[in-house]
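Keeping their order, the protein sequence lines are chains A and B.
The first sequence runs 13 to 126 under our numbering.
The second sequence runs 63 to 176 under our numbering.
Each residue gets a CB set at the ideal place from its N, CA and C atoms; glycine is no exception.
This report concerns only the one structure given below.
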Amino acid sequence: ETGVTQTPRHLVMGMTNKKSLKCEQHLGHNAMYWYKQSAKKPLELMFVYNFKEQTENNSVPSRFSPECPNSSHLFLHLHTLQPEDSALYLCASSQRRGWNQPQHFGDGTRLSIL
Amino acid sequence: TQLLEQSPQFLSIQEGENLTVYCNSSSVFSSLQWYRQEPGEGPVLLVTVVTGGEVKKLKRLTFQFGDARKDSSLHITAAQPGDTGLYLCAGASESSGSARQLTFGSGTQLTVLP
């Protein structure tokens, strides 16, 4: 139990579907992150939120739309995805935003695009 | 672009053997974090090294930060099947200034056979 819960754990969707990934952290942290993990590639930082405000968007295509209603919840809304978007999507949180902050990860959502 | 190169990419050893995995960069890092990711789970932080030449021990795991803070190594003594997982290093380069963000290596996939 890492204190960061992601749902669903697995998701299969067609390219025209709309779905959302959910992340909830019970650690009282103020920063939350979305990462993409593809086979044989480093974790790619997608978005960073600090106190509910988006502070970083690493040139992520608009078909990925994040939402952070409060410091404990983070969503990733998916629309018109491509096959290359199939990957493990990891949510993480840290006490504060910062490159040197230890990050606590959820177990990820395994996304498959048909 | 800061790049963290990890080697070897894959390592399969017998229980009881010793091993070392490496994390190298041409950039100077203020600190490096090591994570382990087990199948079906998110990465879990093992240790953070901050000072050049620093050595930290976590049971059978020994982490070292290079004197120049450009590289790090993880040595496991008497490996056990429970050590199986993807070992990731992560850090932020000092040269990025205010744009610093955590960058991950591609990882070393370790398999310890009973």
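Neighbour list for residue i in chain A, Cβ cutoff strictly below 9 Å
i: Ile173 (chain B); result: According to the sequence shown, residue 173 (chain B) is Thr rather than Ile. None at all; the shortest Cβ gap to chain A is about 16 Å.
i: Gly102 (chain B); result: Arg21, Asp119, Gly120, Arg122
Partner residues on chain A for residue i, Cβ-Cβ distance less than 8 Å
i: Glu79 (chain B); result: Those within 8 Å of Glu79 (chain B) in chain A number zero; the least Cβ separation is about 25 Å.
i: Leu108 (chain B); result: Chain A residues near Leu108 (chain B): none, gap ~10 Å exceeds 8 Å.
Neighbouring residues, chain A, relative to residue i (Cβ below 7 Å)
i: Leu73 (chain B); result: Neighbours of Leu73 (chain B) on chain A: none; closest Cβ ~15 Å, over 7 Å.
i: Ser93 (chain B); result: Asn112
Under 8 Å from the C-beta of residue i: neighbouring residues of chain B
i: Glu68 (chain A); result: Gln163
Residue burial classification, residue i (beta-carbon count within 10 angstroms, cutoff 16)
i: His41 (chain A); result: buried
i: Thr28 (chain A); result: exposed
i: Gly102 (chain B); result: exposed
i: Arg109 (chain A); result: buried
i: Arg122 (chain B); result: exposed
i: His89 (chain A); result: exposed
i: Thr14 (chain A); result: buried
i: Pro20 (chain A); result: exposed
i: Thr121 (chain A); result: buried
i: Asp97 (chain A); result: buried
i: Ala60 (chain B); result: Because chain B is modelled from 63 through 176, residue 60 (chain B) falls outside the range shown and cannot be assessed.
i: Ala51 (chain A); result: exposed
i: Pro81 (chain A); result: exposed
i: Val117 (chain B); result: exposed
i: Leu175 (chain B); result: exposed
i: Pro105 (chain B); result: buried
9 Å Cβ cutoff met for residue i and residue j
i: Leu172 (chain B); j: Tyr149 (chain B); result: yes
i: Ser180 (chain B); j: Tyr84 (chain B); result: The structure shown does not extend to residue 180 (chain B), since chain B is modelled only from 63 through 176, so no value can be given for it.
i: Leu86 (chain A); j: Pro78 (chain A); result: yes
i: Val60 (chain A); j: Gln163 (chain B); result: yes
i: Phe125 (chain B); j: Gly114 (chain B); result: no
i: Arg131 (chain B); j: Phe72 (chain B); result: no
i: Gln18 (chain A); j: Leu33 (chain A); result: yes
i: Leu100 (chain A); j: Gln49 (chain A); result: yes
i: Ser124 (chain A); j: Leu23 (chain A); result: yes
i: Glu77 (chain B); j: Pro143 (chain B); result: yes
i: Asn86 (chain B); j: Leu66 (chain B); result: yes
Residue i: contacting residues in chain B (beta-carbon distance under 7 Å)
i: Lys53 (chain A); result: Ser168
Bridge partner(s) assigned by DSSP for residue i
i: Lys64 (chain A); result: BP columns for Lys64 (chain A) are empty, so no partner.
i: Asp145 (chain B); result: The partner list for Asp145 (chain B) (beta bridge, DSSP) is empty, contrary to what the question assumes.
i: Lys121 (chain B); result: Answer is none; Lys121 (chain B) lacks a bridge partner.
i: Ala104 (chain A); result: A:Tyr45, A:Phe117
i: Gln171 (chain B); result: B:Phe72, B:Leu148
i: Leu86 (chain A); result: A:Cys35
i: Leu108 (chain B); result: Answer is none; Leu108 (chain B) lacks a bridge partner.
i: Trp111 (chain A); result: The partner list for Trp111 (chain A) (beta bridge, DSSP) is empty, contrary to what the question assumes.
i: Met25 (chain A); result: A:Ile125
i: Gly40 (chain A); result: Paired residues: none, contrary to the question.
i: Gly153 (chain B); result: B:Leu94, B:Thr165
Contact list for residue i against chain B, beta-carbon separation under 9 Å
i: Thr14 (chain A); result: Glu103, Gly104, Val106
i: Leu57 (chain A); result: Gln163, Leu164, Thr165, Phe166
Any non-hydrogen atom of the ligand MN closer than 8 Å to residue i Cβ
i: Ala154 (chain B); result: By its list of ligands, the structure shown contains no ligand whatsoever, and the ligand MN lies outside what it can speak to.
With 9 Å as the C-beta to C-beta threshold (strictly closer), list the residues of the region 102-115 of chain A near chain B in chain order.
Of all residues in the region 102-115 of chain A, Leu102, Cys103, Ala104, Gly110, Trp111, Asn112, Gln113, Pro114, Gln115 have a Cβ within less than 9 Å of some Cβ in chain B.
Interface positions of the region 65-89 of chain A facing chain B (Cβ-Cβ less than 9 Å), listed along the chain
Glu68, Asn70
Could you name the residues of the region 28-43 of chain A whose beta carbon sits closer than 8 Å to any beta carbon of chain B, in the order they occur along the chain?
Answer set for the region 28-43 of chain A: empty.
Taking only beta carbons into account, state which residues of the region 120-154 of chain B come closer than 9 Å to chain A, listed in chain order.
When CB distances to chain A are screened at a threshold of 9 Å, the residues of the region 120-154 of chain B falling below it are Leu150, Ala152, Gly153, Ala154, in chain order.
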